[in-house]
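In terms of this note's numbering, the sequence shown opens at residue 30 and continues consecutively.
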Amino acid sequence: MALQRKHTMYHSTIIDAAPDEVWAVVRDALKVVSIVSGPGVKDVCWAEGGAVEKVPARYDFTMVFNDGLVQQEIAGRDEVNRAQTYRAIAPATGVDGYVATIRIREITNEPGRCFFDWSRELTIAPDADDEVVETIVSMMSKQADLMRDYFAQR
Numbered sequence: 030m031a032l033q034r035k036h037t038m039y040h041s042t043i044i045d046a047a048p049d050e051v052w053a054v055v056r057d058a059l060k061v062v063s064i065v066s067g068p069g070v071k072d073v074c075w076a077e078g079g080a081v082e083k084v085p086a087r088y089d090f091t092m093v094f095n096d097g098l099v100q101q102e103i104a105g106r107d108e109v110n111r112a113q114t115y116r117a118i119a120p121a122t123g124v125d126g127y128v129a130t131i132r133i134r135e136i137t138n139e140p141g142r143c144f145f146d147w148s149r150e151l152t153i154a155p156d157a158d159d160e161v162v163e164t165i166v167s168m169m170s171k172q173a174d175l176m177r178d179y180f181a182q183r
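So this is what it looks like as structure tokens:
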């Protein structure tokens, strides 16, 4: 894979759960990190007074494969349109910048299902270890499906 210094990703899936049920999970960043990263992360916690009901809200976690600390914050939330944007607040593991948005959309003719989309933009540090960044990008490419699978098992 050829890494670009600005890497944009978009993943989507259909989730077999009602939009409000999915939104109740997605709006809690700690739950999302735990679902999509599983044993690949540790020490997932709110930081500096962050909480699920606060925006902005800081949270941290450590990537197990390289012990890299990731510091992010919920930067915006739209409860009506079920969208949440979050961003990195400090460079980590070869990524200088990171902004992502998760959206949950209704499927109007199938009320028990929803459309899940996740867009992300990473700015890769000039001195980044390409192997580390490739590992992160590879993990991210599977995460929408992990959210889908999480709800399928419920």
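Even glycine gets a Cβ: it sits at the ideal position worked out from N, Cα and C.
- Nearest C-alpha to D49 among V73, G78, P120 and I136: I136.
- Scanning its chain for C-beta atoms nearer than 6 Å, with the 5 sequence neighbours on each side dropped, one finds around T114 the residues A104, G105 and T130, in chain order.
- Rounded to whole angstroms, the Cβ separation of G69 and M38 is 17 Å, and the two are not in contact under 8 Å.
- Rounded to the nearest whole angstrom, the CA to CA distance from T42 to K71 is 26 Å.
- Only exposed fits L98, as fewer than 16 other CB atoms lie within 10 angstroms of its CB.
- The beta carbons of D89 and V73 sit closer together than 9 Å.
- Annotated as distal: E108 and A86, with beta-carbon spacing of 9 Å or more.
- In summary, D158 is exposed, with fewer than 16 beta-carbon neighbours lying within 10 Å of its beta-carbon over all protein chains present.
- DSSP places T164 in the uninterrupted alpha helix (DSSP H) bounded by D159 to S170.
- Look at I136 here: in three-state DSSP terms it is coil, with no helix or strand label.
- Close CB contacts of Q100 within its chain, under the 6 Å cut and outside five residues either way in sequence, are with D89, I118 and A119 (chain order).
- In this structure, DSSP gives F180 a helical state, which the three-state scheme calls helix.
- Within the same chain, no Cβ atom closer than 6 Å to the Cβ of V166 is found once the five residues on either side in sequence are excluded.
- The Cβ atoms of D146 and R134 sit closer than 9 Å to each other.
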